[in-house]
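Input: a single structure, listed below in structure tokens.
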Amino acid sequence: MYAAVLVVFLSLGDQPRIYSTKGFLSEGYHVHKGKKEEEKCKIDISRPWADVPIELVQLLIPRLNLIDCLRLPSICKAWNSVSNYIQDAKIYPWLLYSANDSCLLRLIDPIYGKAYSIDMKWFGSVKNLMFHYSKDGWVLASKENKYLFLINPLTRESIGLPDLDHGMFTVMSFSSSPTNLDCVVFVVQFAYFQVMQISTWSPGADEWSKMRFNNEFGLYVPCNPVFTREEFYCYKLNGELLVYDPRKNTMQTLAIKAPIEITEPIEMEEIITRIIQCHLMETRGDLLTVFRKSLKDPLRIFKLDRSNMVWSEVDDVGDLTVFLNHKTSLAKSCLEKRCHNLIYLSGFADEHCKSNASYFLETKKYYPEDCYHHKEPMNCIWIEPSLTA
1 MYAAVLVVFL SLGDQPRIYS TKGFLSEGYH VHKGKKEEEK CKIDISRPWA
51 DVPIELVQLL IPRLNLIDCL RLPSICKAWN SVSNYIQDAK IYPWLLYSAN
101 DSCLLRLIDP IYGKAYSIDM KWFGSVKNLM FHYSKDGWVL ASKENKYLFL
151 INPLTRESIG LPDLDHGMFT VMSFSSSPTN LDCVVFVVQF AYFQVMQIST
201 WSPGADEWSK MRFNNEFGLY VPCNPVFTRE EFYCYKLNGE LLVYDPRKNT
251 MQTLAIKAPI EITEPIEMEE IITRIIQCHL METRGDLLTV FRKSLKDPLR
301 IFKLDRSNMV WSEVDDVGDL TVFLNHKTSL AKSCLEKRCH NLIYLSGFAD
351 EHCKSNASYF LETKKYYPED CYHHKEPMNC IWIEPSLTA
């Protein structure tokens, strides 16, 4: 006798179809006398979604992307009892960029090749909104290079920050979601040619806390700071790190030998290009830096070896997928094996703007290969979608 086998095919939006093949002559198999061959029969049984055990749905949640998880309650009311269905969804960074519309923002999901639009009428015009940094679903943005905001475009929340003098922002970031009272917004400005100003703000404060330093720390910081191990790390043009401790309000320089590309002489006209091609990010408490000398050169990843205080080159990042942008770069563990050791760029891979250009660490090749024609939005940033406070 053959054991019963149940196979469930799930497709959101349709009734589940359960195909049953059983070892009974009348229901599952027809055996011809004198022959060894068997003929399988499929029985199509339509069942309501509510019959799918909640425990099975709960197991499927980590395999679904955010959009499919949002659809769950509309598919079956019984699935409203699934706990943490949004928090447990597969959430990977999306590329957020300005559309040619004063009330719309665009989102690209590079993992699944999906494009979305966000209605921003609740915020007002986003035409002159400039993105600077993102974390935990929030974006630090400015208008007219003066007014700073923290915005969560998916939950429709915004927080206006106090006015900050010396209108030119150099680099900036923040430590965590501003819904946390210990959140710190960190802004570096050059008030004068030889004076660097550090400004910080936390929820509940009416004004910025400011510190000024003689600019012995370096002429220019080429990419936004990252927050890890309770400190902000800034990348200097020569490869060293500035470390700011918001608890002690102190700044120090870590004299680290830079990767070879950064130690080479840099002409003034090359500074802007070098800034765009230099990236700093953190993952699992580690600091990673990614850069390339020119658009045609390979991307190289270095990890900070804290025991020896050197940058060590990394050829394999395991299950990580890297999302690269000169404003915010992210490295995230990915369940999709096809995305391991892959770097997504913020430039588009096609004229329809629905997929991102990429770089494969294993083969050291770009896709598309003609990376000179990667069309990148003028105002874009990677964001980790968040629908929770």
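Numbering-wise (full-length UniProt numbering), the sequence shown opens with residue 1 and increments by one.
Yeah, the Cβ is synthetic: ideal placement off N, Cα and C, and Gly gets one too.
Just so it is clear, the structure is predicted and the values come from calculations on it, not from any experiment.
Span separating the alpha-carbon of serine 98 from that of leucine 342: A straight line joining the alpha-carbon of serine 98 with that of leucine 342 spans about 25 Å.
Which partner residues of asparagine 356 appear in the DSSP bridge assignment? In DSSP, asparagine 356 forms a bridge with Phe348.
Same chain, Cβ closer than 7 Å to alanine 141, neighbours up to 5 away in sequence not counted: Leaving aside the five residues that flank alanine 141 on each side, the residues in its chain whose CB is nearer than 7 Å to its CB run, in chain order, Leu129, Met130, Phe131, His132, Phe149 and Ile151.
Candidates Lys135, Ser176 and Arg284: closest to glycine 318 by CA position: Of the candidates Lys135, Ser176 and Arg284, the residue whose Cα lies closest to the Cα of glycine 318 is Arg284.
Buried or exposed: which applies to residue 434, given that a residue is buried once 16 or more other Cβ atoms fall within 10 Å of its Cβ? Missing from the structure shown is residue 434; the chain here goes from 1 to 389 and no further.
Just the C-alpha distance for isoleucine 91 and proline 385, rounded to the nearest angstrom, thanks. Isoleucine 91 and proline 385: Cα-Cα distance of roughly 7 Å.
Okay, do the segment 73–81 and the segment 49–59 touch, 3+ Cβ pairs below 8 Å being the bar? A contact exists between the segment 73–81 and the segment 49–59.
Host alpha helix (DSSP H) of glutamate 231 (start-end): Careful: glutamate 231 lies outside any alpha helix (DSSP H), inside the beta strand (DSSP E) at 231–235.
Going straight from the alpha carbon of proline 377 to that of lysine 248, what length do you get? Approximately 39 Å, taken between the alpha carbons.
Whole beta strand (DSSP E) runs in the segment 117–155 with 3 or more residues, listed along the chain? If we require 3 residues or more, the beta strand (DSSP E) runs fully inside the segment 117–155 come out as 129–135, 138–143 and 147–152.
Can you list, in chain order, the residues of its chain whose CB lies under 7 Å from that of aspartate 370, leaving out five sequence neighbours each side? Closer than 7 Å at the Cβ level, and outside the excluded window around aspartate 370, lies no residue.
Give the single residue among Glu282, Asp305, Leu361 and Phe348 whose Cα lies nearest to the Cα of aspartate 297. That would be Leu361, whose Cα lies nearest to the Cα of aspartate 297.
Taking Cβ to Cβ, would you say proline 93 is nearer than 8 Å to serine 355? At the C-beta level, proline 93 and serine 355 stay beyond 8 Å of one another.
Look at the alpha carbon of aspartate 119 and the alpha carbon of leucine 104, and state the distance between them as a whole number of angstroms. Cα-Cα distance, rounded: 5 Å.
Spatially closest choice to phenylalanine 348 from Ser294, Tyr367, Ile54 and Phe302, by CA coordinates: Considering only alpha carbons, the answer is Tyr367.
If you check the beta carbons only, do serine 199 and leucine 241 fall under 8 Å apart? At a Cβ-Cβ threshold of 8 Å, serine 199 and leucine 241 do not count as neighbours.
Helix, strand or coil, according to DSSP, for glutamate 55 in the structure here? Reduced to three states, the DSSP call for glutamate 55 is helix.
Using a threshold of 8 Å, state whether the C-beta atoms of leucine 299 and tyrosine 359 are closer than that. Taking 8 Å as the Cβ cut-off, leucine 299 and tyrosine 359 qualify as a contacting pair.
Going by DSSP, which residues form a beta bridge with lysine 248? In the DSSP secondary-structure assignment, lysine 248 is not bridged to any residue.
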